[in-house]
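Notes follow the structure.
There are 2 protein chains.
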Amino acid sequence: MIKKVLIAEDHESASISVQKTLAEIGCDQADYVYYCDDALIRIEKACQSNSSYDLLITDLYFEEDHRKQQISNGRNLIIAARAIQPDLKVLVFSAEGRSVVVEKLFGECDIDGYVRKARGDAKELMKAIHQIDNNQRYFPIQFTQELKQNNHEFTEYDMTIISLMVQGKRQKEISEYLRDNNITPSGLSSIEKRLNYIKDVFGFSTNEQLIAHCVKIGVV
Amino acid sequence: MIKKVLIAEDHESASISVQKTLAEIGCDQADYVYYCDDALIRIEKACQSNSSYDLLITDLYFEEDHRKQQISNGRNLIIAARAIQPDLKVLVFSAEGRSVVVEKLFGECDIDGYVRKARGDAKELMKAIHQIDNNQRYFPIQFTQELKQNNHEFTEYDMTIISLMVQGKRQKEISEYLRDNNITPSGLSSIEKRLNYIKDVFGFSTNEQLIAHCVKIGVV
DNA sequence: TCAATTTTTACGGAAAACCGTAAATCCCAA
DNA sequence: TTGGGATTTACGGTTTTCCGTAAAAATTGA
């Protein structure tokens, strides 16, 4: 049963809402912090005193300010928290709407639920918490539909090339980079071929169009 | 004295927080809606029954869903609302952080205050409401500093070119498009020159890098 | 092991982008 | 109207990308 919850959220207004939602479903042990570093300290202390948290509700993006932080975003907070307390349940509550990003959280960070800040998000939060309470994951419907229609799955290789292009590297330089880092294939022709293939899948005609799409959907 | 307030905000969680904040400062006449169209109807009806709102608190961006709306964003809502009730006070509450956008709201829409969704936004909301109550504007400090450091302001012309590139058009085709639409300069050289200038300002080396940046910051 | 297949690389011509310069055009004021 | 200055366009050479083909290398299967 989920009793003790930690809210990591820099927006005061959002934090207040989550607190209110938790209070409504009868959870009276809710702490909240505005910085990732503070969240980690709380988790650490709670573990040491044998009163660890059952659930972490966290945002993804935290704004930088005068207080310099070790952990700057929700993703890294999750990884650090799980290193301390592997069985900690994690529910991400963010405005992020790109399915690739959310999918990565489930795949790579093994989160237990995702609720998008949108219409009816408070009610959705309740549903998600109840579901996690029953040891189930909460994966929002909106993303399940969107997932399959993206015909092309970007490989690590693809993302490396595209990242380098975003950094302003020429294809020749990318070839050299791949060779130096023992990533194959590294030939200029292979890079050209791969880019042509991806563009073909999407029906794009220029690199500029491909880059725009990748940035939009959050591949880089 | 501000008594009757309307909250136009699609995020349920954000709306809840604003309601709670209003309740705390002793404002018990707060209505809330999730769609711009609903907001306008409320304002209309209130005016007709001689019980008009004192303040409109609205978000900027409203997500589209199954319910098709006439008014799709906060900016247009403000304009429409002021057409009905010119003396309506308006406080914008949004995550938008680009100073250019916020400045425009004060300049073109004559809003009374802006509070950014961020750390301490609930407290800032209170301050803003009190200030508006005293017939003063609330302009957040964070923007006053940032205004000058914007290295490059994208013109309509720039955005046209970049949009066409994002659509996969070659520079030659862009030149033809500009000529056909009587946009000057339309010469290929002028397009090249402009792109080089922008890249130079940012210290970029390739078009791909420029496109990535533009998509990221939301120029297109 | 060796031939067949696939993957990767090399190469070369064509198209596009890049970059400087010069010519043409536009615009404004005298 | 006209001359000067700024803007826009045209042009040519260079680099980069594009795209097809073929050689080289790696992988596979019997």
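Residue numbers (this note's numbering), protein chains in the order written: chain A, 1 to 220; chain B, 1 to 220. For glycine and all other residues, C-beta sits at the position ideal for the given N, C-alpha and C.
Which residues, in order along the region 157-168 of chain B, keep a beta-carbon less than 7 Å from a beta-carbon of chain A?
-> Against chain A - using a Cβ distance shorter than 7 Å - the residues of the region 157-168 of chain B are 165, 166, 167 and 168.
With 16 other Cβ atoms within 10 Å as the buried cut-off, status of residue 123 of chain A | Residue 123 of chain A sits at position 123 when you count from the first residue of the first sequence. So residue 123 of chain A counts as exposed.
Can you tell me which of the three DSSP states residue 166 of chain B falls into?
-> Taking the second sequence and counting its residues from 1, one reaches residue 166 of chain B at position 166. Helix at residue 166 of chain B.
Who are the Cβ neighbours of residue 22 of chain B in its own chain at under 7 Å, not counting the five residues just before and after it?
-> On the second sequence, residue 22 of chain B is found 22 positions in, with the first residue counted as 1. Here the set comprises 5 and 30.
List the residues of chain B whose Cβ lies closer than 7 Å to the Cβ of residue 196 of chain A, in chain order.
-> As a first step, residue 196 of chain A is located in the first sequence; it is residue number 196 there, counting from the start. Ordered by position in chain B, no residue passes the 7 Å Cβ test against residue 196 of chain A, which lies about 14 Å from the chain.
Can you name the residues of chain A whose CB is closer than 9 Å to the CB of residue 24 of chain B?
-> Looking up residue 24 of chain B in the second sequence gives position 24. Residues of chain A passing the Cβ test: none, with the nearest at roughly 10 Å.
Is there contact between the region 90-110 of chain B and the region 45-65 of chain B, where contact requires at least three CB pairs shorter than 8 Å?
-> yes
Is any beta-carbon of chain A found at less than 8 Å from that of residue 75 of chain B?
-> For this step, residue 75 of chain B is matched to residue 75 along the second sequence. By this cut-off, residue 75 of chain B is not an interface position.
Endpoints, beta strand (DSSP E) assigned at residue 93 of chain B | Translated into the one-based positions of the second sequence, residue 93 of chain B becomes position 93. The continuous beta strand (DSSP E) containing residue 93 of chain B extends over residues 89-94.
Whole angstroms is fine: what's the gap from residue 153 of chain A's alpha carbon to residue 187 of chain A's?
-> On the first sequence, position 153 is the one that residue 153 of chain A refers to. On the first sequence, position 187 is the one that residue 187 of chain A refers to. Residue 153 of chain A and residue 187 of chain A have their C-alpha atoms roughly 22 Å apart.
Beta-carbon separation (whole angstroms), residue 141 of chain A vs residue 113 of chain A, contact threshold 8 Å | Taking the first sequence and counting its residues from 1, the one referred to as residue 141 of chain A is at position 141. Taking the first sequence and counting its residues from 1, the one referred to as residue 113 of chain A is at position 113. Cβ-Cβ separation between residue 141 of chain A and residue 113 of chain A: approximately 13 Å, too far for a contact (criterion under 8 Å).
Cβ of residue 154 of chain A less than 8 Å from any chain B Cβ?
-> Residue 154 of chain A sits at position 154 when you count from the first residue of the first sequence. Residue 154 of chain A is outside the set of residues whose beta carbon lies under 8 Å from a beta carbon in chain B.
Pairwise C-alpha distance: residue 18 of chain B and residue 202 of chain A | Counting from one through the first sequence, the residue named residue 202 of chain A turns up at place 202. Counting from one through the second sequence, the residue named residue 18 of chain B turns up at place 18. Each residue's alpha carbon lies about 43 Å from the other.
Closer than 9 Å by beta-carbon distance: list the chain B residues that pair up with residue 63 of chain A, in chain order.
-> The count along the first sequence starts at 1 and reaches residue 63 of chain A at position 63. Ordered by position in chain B, the residues that pass the 9 Å Cβ test against residue 63 of chain A are 97, 118 and 119.
Residue 119 of chain A classed as buried or exposed, judged by whether at least 16 other C-beta atoms fall within 10 angstroms | Stepping through the first sequence from its first residue, residue 119 of chain A is reached at position 119. With 16 or more Cβ atoms within 10 Å of its Cβ, residue 119 of chain A is classed as buried.
Residue 81 of chain B vs residue 88 of chain B beta-carbon contact at 8 Å = Within the second sequence, the letter at position 81 stands for residue 81 of chain B. Within the second sequence, the letter at position 88 stands for residue 88 of chain B. Contact flag set, yes.
Any idea which residues DSSP pairs residue 138 of chain A with across the strands?
-> Here the question's residue 138 of chain A lines up with position 138 in the first sequence. Note: residue 138 of chain A sits in a beta bridge opposite A/113.
Determine whether the Cβ of residue 204 of chain A lies closer than 8 Å to any Cβ atom of chain B.
-> As a working note, residue 204 of chain A is residue 204 in the first sequence. Chain B, which has a Cβ nearer than 8 Å to the Cβ of residue 204 of chain A, makes this yes.
When we look at the beta-carbon of residue 15 of chain A and count the other beta-carbons within 10 Å, is it buried (16 or more) or exposed?
-> Position 15 of the first sequence, counting from 1, holds the residue named residue 15 of chain A. Per the 10 Å Cβ criterion, buried.
Which residues, taken in chain order from the region 208-219 of chain B, show a beta carbon closer than 7 Å to some beta carbon of chain A?
-> Residues of the region 208-219 of chain B with a C-beta atom less than 7 Å from some C-beta of chain A are 208, 209, 211, 212, 215 and 216, listed in chain order.
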